[in-house]
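Q: Sharing a structure, written as C-alpha cells. Questions coming.
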Amino acid sequence: MTGSIAAIGAGLAVIGAGIGIGQIGGHAMDAIARQPEATSKIQTAMIIAAALVEGVALFGVVVALMSK
Amino acid sequence: MPPNLHAFLILKAVRRKTKNKRKIILLFSKRCLHLHPKTKNQSVFRKMTNKIKPFRAYSIFATLFLVLLSTLTFAEINEPTHEVLHSDSAMVAQPHEENNSEKAVDITAVAFEHILDSHSWHFWGEGHHSVAMPLPIIIYSNTKGFQLFSSSKFEHGHASYNGYSLVDEKIESIDTNESIVDLSITKNVAQMLLSVVVLLLLFTSIARSYQKHGVTSAPKGKQSFFEPLIVFVRDDIAKGNIGEKSEKFVPYLLSVFFLILINNVFGMIPIGANLTGNIAFTLTLSVFTLIITNINGNSGYWKHILLPKPYYMWFILMPIEFVGIFTKPFALMMRLFANMTAGHIIVISLIGLIFVFKTIYIAPVSIAFALFIDVLEVLVAFLQAYVFTMLTALFIGTAVADHHSDESHAGADHH
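Okay, structure coming up:
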C-alpha cells in the first residue's frame, strides 16, 4: 500500500517537473526566436534552470523511494 | 590534363588489362577525386585523410567505450539470474541459498546494494562466485580501544570475529555494554581517497608543466583538457558571481568542482562507488560552503539577515532570512545527492526490467534506454559539478558583495 502511494507521489513530482521544464523550454525557444544571436547564452541559462527544477523533482522521487 | 581525359584513359586501361581489377578501381577513384576543385593535388588529399583519421579513431573508441559501458552494467546485474538458473536446474544444495529459485529477483535490493555504502568493494558475481575486495575495518570501542582488521574476517556477514558481527553492513558488538564507533575505510571512503590521489597526481603534473614552460605555448595533453575547465571556473563561475574579491575563493571552488566531477564520473563506471550519491559526502561539502559563506559575510550581509529592510516586517523577515542561511546549503546537499542517486536508480531499474519481465526480448529496449540515460548522466555529471560550484559562488557573492551597489541584486537572489 505504501509503495503505491509512494508511486503516486513520484508521479506528482514528475508532473511538477514536467510543467517546470516545459515552461523553461518554451520560453527559451521564444527567446531564441526573438534573438537568435543570443542562443548560446539562453541555452546555458535554460540548462541551469532545468537542472534546478529537475533537482526539486528528484527530491520527490527520493522521498518516494525512501518511504518504501 | 583535363580530368575527363584521365577518366577516359583509365577506362581504356581497364578494357585493355583487367588482370588486377581492384588496383584499377582504386586508381580510378583516385583520379576521380581530382574532379573536385579543392583537391588539386595528392598532398591536399593526404592532408584531408590525415585529418579524418584521428577523428575516426576517436569516434570508434568512444562508441566502443559506450558499448562496453552498457554491457558491463548489464553483466553486473546479469549475475543473480545466473545463480537462480544454476540452482534451479542442478539443484545444488547450498546452505544459505535454499529458496533462491522461488524468489523473484528483487530489483530494489539490487539497486540499493549499488547505491549504498559497504564494508567490502564488490566487483562482480554473486554468492560464492563474487569477486570483492575486502576493506579495512577500524572501530573504536569504549572497552577495547582501537581495533583494526580486514572485513574479510566477517565472510560477508556469515561469521563473527573478535566479538563483532556484521548485520546489514553495520558492525554490532555481541557485548551489550560495549558501544562502538565505526571509523572504517568503507567503499565510499576508499573511492574518495582514490579520487584524491588521482586529482593530486593530475593537478600537480599540470601545475608542474606550467611552472616549467609558463604560459608561452599552447597547452598540450591533459593540460589542454583541464585548462578550459579551470579557466571556466575562475572566470565564469568565480569572477562572474563574486566579483573582484573572487581570487580568494577560486581554490575552494576549483577543489569542489573537480572533486564532484571526478567522483560523478567514477560513480558512472559500473564497479565504482556512488560517492556523490552519498548524503554524508554532500553534507560535508555543503557545510564547507556554509562556513565559508558566513565567515566571509560582510556587515551588509549580516544587516540584511538580522535587520531586514521594512522595519515593521522585522519579526517575520528576520526568522525567514535566518533560516535561509541554512536552507541554501541544505538545498545544495539534497540536489547533488538526489540527482546522482536517482540517475543510478534509473539505470539499474531499466536494466532490471529484463528480470522483472523475465524475457530477453525486452533487453534491446532496456539496454537502449539505459545507454541513453547513461549518456545523459555524463551531461548530469558535469552539470551537477557546475551547479554546485556556481551556487556556492553565488552564495559567497551575495555575502561579500558591496551592499550599496548590489542592494537590488542581493535582494533579488533571495526570492
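Keeping their order, the protein sequence lines are chains S and A.
Using the working numbering, the first residue of the first sequence is number 1, and each one after it goes up by one.
Using the working numbering, the first residue of the second sequence is number 1001, and each one after it goes up by one.
Glycine included, C-beta positions come from ideal geometry on N, C-alpha and C.
What did DSSP end up calling A:I1171 once you bin it into helix, strand or coil?
A: In the second sequence, residue 1171 of chain A corresponds to position 171, counting from 1. A:I1171: strand per DSSP, three-state reduction.
Q: At a CB-CB cut-off below 7 Å, which residues of chain S make contact with A:T1341?
A: Position 341 of the second sequence holds residue 1341 of chain A. Per Cβ cutoff of 7 Å: V62.
Q: Whole angstroms are fine: how far does the CA of A:N1263 sit from the CA of S:M46?
A: Indexing the first sequence from 1 puts residue 46 of chain S at position 46. Indexing the second sequence from 1 puts residue 1263 of chain A at position 263. Rounded to whole angstroms, S:M46 to A:N1263 spans 25 Å at the Cα level.
Q: Roughly how many whole angstroms lie between the Cα atoms of A:V1256 and S:E54?
A: Within the second sequence, the letter at position 256 stands for residue 1256 of chain A. Within the first sequence, the letter at position 54 stands for residue 54 of chain S. For A:V1256 and S:E54, the distance between alpha carbons rounds to 21 Å.
Q: So that I know if they touch, is there some Cβ in chain A lying closer than 8 Å to that of S:G55?
A: Within the first sequence, the letter at position 55 stands for residue 55 of chain S. Judged by the 8 Å Cβ criterion, S:G55 is in contact with chain A.
Q: In chain order, what residues of the same chain have a beta carbon less than 6 Å from the beta carbon of A:N1241, not counting five sequence neighbours either side?
A: Looking up residue 1241 of chain A in the second sequence gives position 241. Once the five neighbours on either side are set aside, the close Cβ partners of A:N1241 are A1393, L1394 and G1397.
Q: Could you name the residues of chain S that A:V1387 contacts, counting a contact when the two beta carbons are closer than 9 Å?
A: Working through the second sequence from its first residue, we reach residue 1387 of chain A at position 387. What A:V1387 touches in chain S: I48, A51, L52 and G55.
Q: Verify the CB distance criterion: does A:R1234 have a CB-CB separation below 8 Å to chain S?
A: Within the second sequence, the letter at position 234 stands for residue 1234 of chain A. Chain S, which has no Cβ nearer than 8 Å to the Cβ of A:R1234, makes this no.
Q: Can you find at least 3 beta carbon pairs, one from the region 1141-1154 of chain A and one from the region 1378-1385 of chain A, that sit closer than 8 Å?
A: no
Q: When we look at the beta-carbon of A:T1341 and count the other beta-carbons within 10 Å, is it buried (16 or more) or exposed?
A: For the purposes of this step, residue 1341 of chain A is taken as the residue at position 341 of the second sequence. With 16 or more neighbouring CB atoms inside 10 Å of its own CB, A:T1341 falls in the buried class.
Q: If you drop the 5 nearest sequence neighbours on each side, which residues of the same chain put their C-beta closer than 8 Å to that of A:N1294?
A: As a position in the second sequence, residue 1294 of chain A is number 294, starting the count at 1. Excluding positions up to five away in sequence, the list reads I1325 and A1399.
Q: A:L1261 and A:A1338 - do their beta-carbons sit closer together than 8 Å?
A: As a first step, residue 1338 of chain A is located in the second sequence; it is residue number 338 there, counting from the start. As a first step, residue 1261 of chain A is located in the second sequence; it is residue number 261 there, counting from the start. Not closer than 8 Å, so no.
Q: Start and end of the alpha helix (DSSP H) containing A:L1394?
A: Residue mapping note: residue 1394 of chain A aligns to position 394 of the second sequence, counting from 1. A1363 to V1400 is the span of the alpha helix (DSSP H), which, as asked, contains A:L1394.
Q: Give every residue of the same chain whose Cβ lies closer than 8 Å to the Cβ of A:N1177, excluding the five residues on either side of it in the sequence, and list them in chain order.
A: As a working note, residue 1177 of chain A is residue 177 in the second sequence. Cβ within range, chain order: T1143.
Q: Determine whether the Cβ of A:L1275 lies closer than 8 Å to any Cβ atom of chain S.
A: Along the second sequence, one-based indexing puts residue 1275 of chain A at 275. By this cut-off, A:L1275 is not an interface position.
Q: Roughly how many angstroms separate the alpha carbons of A:K1309 and A:I1373, rounded to a whole number?
A: As a first step, residue 1309 of chain A is located in the second sequence; it is residue number 309 there, counting from the start. As a first step, residue 1373 of chain A is located in the second sequence; it is residue number 373 there, counting from the start. Rounded to the nearest angstrom, the two C-alpha atoms are 47 Å apart.
Q: Could you pull out every residue in the same chain whose Cβ sits closer than 7 Å to the Cβ of A:A1238, ignoring the five residues on either side in sequence?
A: The residue you call residue 1238 of chain A lines up with position 238 of the second sequence. For A:A1238, where only same-chain residues beyond five positions count, the Cβ hits under 7 Å are S1246, F1249, V1250, L1253 and A1393.
Q: Alpha carbon to alpha carbon, what distance is there between A:N1298 and A:E1244?
A: Numbered from its first residue, the second sequence carries residue 1244 of chain A at position 244. Numbered from its first residue, the second sequence carries residue 1298 of chain A at position 298. Inter-residue distance for A:E1244 and A:N1298 is about 15 Å (C-alpha atoms, whole angstroms).
Q: For a test of the three-state rule: what should DSSP assign to A:G1240, helix, strand or coil?
A: Position 240 of the second sequence, counted from the first residue, corresponds to residue 1240 of chain A. It is helical.
Q: So, under 8 Å CB-CB, A:P1134 and A:S1150 are touching, yes? Tell me the CB distance rounded to an integer number of Å.
A: Locating residue 1134 of chain A in the second sequence gives position 134, where the first residue counts as 1. Locating residue 1150 of chain A in the second sequence gives position 150, where the first residue counts as 1. Indeed they touch by this definition, with Cβ atoms about 5 Å apart.
Q: Three Cβ pairs or more, each shorter than 8 Å: is that satisfied between the region 1278-1290 of chain A and the region 1214-1228 of chain A?
A: no
Q: Give me whichever residues DSSP pairs with A:L1253 in a beta bridge.
A: Residue mapping note: residue 1253 of chain A aligns to position 253 of the second sequence, counting from 1. In the DSSP output, where bridge partners are listed per residue, A:L1253 has none listed.
Q: Anything in the region 1312-1339 of chain A with a Cβ closer than 7 Å to a Cβ of chain S? List those residues in chain order, please.
A: M1334, R1335, A1338 and N1339
Q: Do we get a CB-CB distance below 8 Å when we pair S:L58 with the residues of chain A?
A: Against the first sequence, residue 58 of chain S aligns to sequence position 58. Output row for S:L58: interface = yes.
Q: Return the chain-ordered list of same chain residues with a C-beta closer than 6 Å to the C-beta of A:E1172, the five sequence neighbours on each side being excluded.
A: On the second sequence, position 172 is the one that residue 1172 of chain A refers to. Contacts found: S1165.
Q: Taking the C-alpha atoms as reference points, what is the distance between A:Q1223 and A:D1236?
A: Counted from its first residue, the second sequence places residue 1223 of chain A at position 223. Counted from its first residue, the second sequence places residue 1236 of chain A at position 236. Their backbone Cα atoms lie some 19 Å apart in a straight line.
Q: Taking the C-alpha atoms as reference points, what is the distance between A:S1349 and A:K1212?
A: Here residue 1349 of chain A refers to the residue found at position 349 of the second sequence. Here residue 1212 of chain A refers to the residue found at position 212 of the second sequence. Their Cα atoms are separated by approximately 49 Å.
Q: Check whether chain A comes within 8 Å of S:I5, counting only Cβ atoms and requiring the distance to be less than that.
A: Translated into positions along the first sequence, residue 5 of chain S becomes position 5. Taking Cβ atoms only, chain A never reaches closer than 8 Å to S:I5, which makes this a no.
Q: Which residue comes first and which comes last in the beta strand (DSSP E) that contains A:H1122?
A: Indexing the second sequence from 1 puts residue 1122 of chain A at position 122. Element bounds for A:H1122: S1120 to W1124.
Q: According to DSSP, which residues form a beta bridge with A:I1139?
A: Looking up residue 1139 of chain A in the second sequence gives position 139. According to DSSP, A:I1139 shares a beta bridge with A:Q1147 and A:D1182.
Q: Return the Cβ separation of A:F1322 and A:I1305 in integer angstroms, given the expectation that the two are a contact with Cβ distance under 8 Å.
A: Along the second sequence, one-based indexing puts residue 1322 of chain A at 322. Along the second sequence, one-based indexing puts residue 1305 of chain A at 305. A:F1322 to A:I1305, Cβ: 6 Å. Contact.
Q: What's the C-alpha gap between A:F1112 and A:L1194?
A: By one-based count along the second sequence, residue 1112 of chain A stands at place 112. By one-based count along the second sequence, residue 1194 of chain A stands at place 194. Straight-line Cα distance between these residues: approximately 23 Å.
Q: Which residue comes first and which comes last in the beta strand (DSSP E) that contains A:A1132?
A: Counted from its first residue, the second sequence places residue 1132 of chain A at position 132. From DSSP, the beta strand (DSSP E) with A:A1132 extends over V1131 to P1134.
Q: Using CA coordinates, which residue listed in A:I1137, A:L1307, A:L1229 and A:G1163 is at the minimum distance from A:F1203?
A: Reading the second sequence from its first residue, position 203 is the one you call residue 1203 of chain A. Answer by Cα proximity: A:L1229.
Q: Less than 8 Å separating the beta-carbons of S:G18 and S:A64?
A: Here residue 18 of chain S refers to the residue found at position 18 when the first sequence is read from its first residue. Here residue 64 of chain S refers to the residue found at position 64 when the first sequence is read from its first residue. The answer is no: Cβ separation not under 8 Å.
Q: Just how far apart, CA to CA, sit A:L1336 and A:S1160?
A: One-based indexing of the second sequence puts residue 1336 of chain A at position 336. One-based indexing of the second sequence puts residue 1160 of chain A at position 160. C-alpha separation (whole angstroms): 36 Å.
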